[in-house]
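Taking it in order: structure first as structure tokens, then the write-up.
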Amino acid sequence: MEVNGTDVNKVTVVLGAQWGDEGKGKVVDMLATDADLVCRCQGGNNAGHTVVVDNKEFDFHLLPSGIINPNCKSVIGNGVVIHLPGLFDECSKNEKKGLVDWKKRLLISDRAHLVFDFHQQVDGLQEMEKGKKSLGTTKKGIGPTYASKATRNGLRLADLLGDFNMFKEKFYNLVDIHKRMFPLLEVDTEEELKKYEYYANELRPLVVETVGYLHSALKDGKRILVEGANAAMLDIDFGTYPYVTSSNCSIGGVCTGLGLPPSRIGDVIGVVKAYTTR
41 MEVNGTDVNK
51 VTVVLGAQWG
61 DEGKGKVVDM
71 LATDADLVCR
81 CQGGNNAGHT
91 VVVDNKEFDF
101 HLLPSGIINP
111 NCKSVIGNGV
121 VIHLPGLFDE
131 CSKNEKKGLV
141 DWKKRLLISD
151 RAHLVFDFHQ
161 QVDGLQEMEK
171 GKKSLGTTKK
181 GIGPTYASKA
191 TRNGLRLADL
201 LGDFNMFKEK
211 FYNLVDIHKR
221 MFPLLEVDTE
231 EELKKYEYYA
241 NELRPLVVET
251 VGYLHSALKD
261 GKRILVEGAN
271 AAMLDIDFGT
281 YPYVTSSNCS
291 IGGVCTGLGL
301 PPSRIGDVIG
311 VVKAYTTR
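Using my numbering, the letters of the sequence shown correspond one by one to residues 41 to 318.
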């Protein structure tokens with residue numbers, strides 16, 4: 041595309057076109073070798089894939105697979121919901137397998153919402169209450185976190201890295217809201233807050249305003265690859281509702297989850313498998 045005679049740099053997107061598990065991770069891994077940035081735009085650690093490099097297996101759930109490329113930046117966008125214990129555990133496990141210097145290559149949006157352990161408990165309690173009509177969620181707390189986001193009482197990384205006393209106040213409030221709805225909920229708030237104070241110090245250098253960063257990268261001609269999580273038929277709006285995930289995992293989620301306009305979307309690769317399963 042040209043604007044005023046000038047070529048406009050665009051992003052390449054890889055999406056699942058069925059119900060997930062199409063093997064899109066392999067496509068992303070191949071394309072990531074030529075990318076300057078690889079981005080996640082939605083979902084959480086409710087999806088993932090394995091990458092084999094030099095006979096070593098790396099497992100990714102929140103980290104973009106481009107993290108193994110030493111010449112590539114990895115971006116977790118504002119549309120992703122992040123379970124920080126899960127993220128640090130994922131990084132630690134992959135470090136033991138040979139992942140090095142990941143902190144130098146990872147950028148996380150300050151607008152990304154946090155998945156707390158009690159969100160995961162709520163996920164399980166909701167499934168239990170539905171009995172035979174349960175949706176079969178991963179119980180990773182993804183749905184309850186997006187629900188907190190939609191009701192505007194969720195907490196973002198920006199909250200965590202700001203005034204910690206204000207973060208504590210908001211956290212107490214969020215826990216109280218969920219305890220009133222789910223009396224069986226068990227939350228050790230003080231222990232949780234200790235963990236999150238540690239996470240705040242560890243994450244501070246990695247958290248940036250990713251929207252401006254991505255627009256600057258596009259302007260500079262950087263090659264950007266977006267890896268979608270889940271798949272089109274699991275999209276909250278266009279999938280087989282209610283048996284879907286809680287985010288937009290079709291092309292619209294790329295725009296809202298990274299802050300990119302539709303005009304910046306270039307090639308969109310939909311991945312399918314020969315025998316459809318879900």
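Glycine is no exception: its CB is placed at the ideal position from the N, C-alpha and C atoms. Note that the structure is a prediction, hence the values are computed from the model and not measured.
Less than 8 Å between the beta carbons of residue i and residue j, yes or no?
{"i": "A75", "j": "L265", "result": "yes"}
{"i": "A271", "j": "A72", "result": "no"}
{"i": "K210", "j": "L233", "result": "no"}
{"i": "G183", "j": "T177", "result": "yes"}
{"i": "R80", "j": "P104", "result": "yes"}
{"i": "L124", "j": "Y212", "result": "no"}
{"i": "S290", "j": "Y186", "result": "no"}
{"i": "L146", "j": "Y253", "result": "no"}
{"i": "K143", "j": "F98", "result": "no"}
{"i": "N319", "j": "G126", "result": "Given that the chain is displayed from residue 41 to residue 318, the structure contains no residue 319 and the question cannot be resolved."}
{"i": "F207", "j": "D216", "result": "no"}
{"i": "D69", "j": "V91", "result": "yes"}
{"i": "T316", "j": "G119", "result": "no"}
{"i": "G299", "j": "V251", "result": "yes"}
{"i": "A152", "j": "L197", "result": "yes"}
{"i": "F204", "j": "E242", "result": "no"}
{"i": "A269", "j": "G83", "result": "yes"}
For the candidate residues the options, whose alpha-carbon lies nearest to that of residue i?
{"i": "K113", "options": "L274, A257 and D307", "result": "A257"}
{"i": "V3", "options": "G310, R318, T316 and T317", "result": "It is not possible to answer for residue 3, since the shown part of the chain is limited to 41 through 318."}
{"i": "K262", "options": "E62, M206 and L77", "result": "L77"}
{"i": "D94", "options": "T316, L298, H255 and I108", "result": "I108"}
{"i": "G293", "options": "R318, E267, N86 and T317", "result": "E267"}
{"i": "L214", "options": "K179, H159 and E249", "result": "H159"}
{"i": "P223", "options": "L197, E169 and E237", "result": "E169"}
{"i": "K96", "options": "V121, N193, A87 and L139", "result": "L139"}
{"i": "G106", "options": "A87, M221, G65 and W59", "result": "G65"}
{"i": "I122", "options": "F156, V115, H89 and F100", "result": "F156"}
{"i": "V248", "options": "L154, R220, G171 and S149", "result": "S149"}
Residues bridged to residue i by DSSP?
{"i": "S114", "result": "V78 and L146"}
{"i": "G310", "result": "L55"}
{"i": "H153", "result": "V121 and R196"}
{"i": "G83", "result": "V120"}
{"i": "K96", "result": "V93"}
{"i": "I305", "result": "V51"}
{"i": "V248", "result": "S149"}
{"i": "V266", "result": "V53 and C79"}
For residue i, count the other beta carbons within 10 Å of its own beta carbon; 16 or more makes it buried, fewer makes it exposed. Which is it?
{"i": "A314", "result": "exposed"}
{"i": "K189", "result": "buried"}
{"i": "G181", "result": "buried"}
{"i": "D228", "result": "exposed"}
{"i": "M41", "result": "Because the pLDDT of M41 is 48, which lies under 50, any placement of that residue in the model is unreliable, and the question is left without a value."}
{"i": "R244", "result": "exposed"}
{"i": "Y283", "result": "exposed"}
{"i": "S174", "result": "exposed"}
{"i": "N288", "result": "buried"}
{"i": "K259", "result": "exposed"}
{"i": "V115", "result": "buried"}
{"i": "M221", "result": "exposed"}
Q | Inter-stretch contact (C-beta, 8 Å, three-pair minimum) for the stretch 156-176 and the stretch 131-140 | A | Counting Cβ pairs under 8 Å, fewer than three are found: no touch.
Q: Could you tell me whether the stretch 300-310 touches the stretch 50-64, using the rule of 3 or more Cβ pairs below 8 Å?
A: As far as the Cβ criterion goes, the stretch 300-310 touches the stretch 50-64, which means the pair count is three or higher.
Q. Within the chosen definition, does the stretch 229-243 reach the stretch 273-288 through at least 3 CB pairs nearer than 8 Å?
A. Contact fails: fewer than three Cβ-Cβ distances are below 8 Å.
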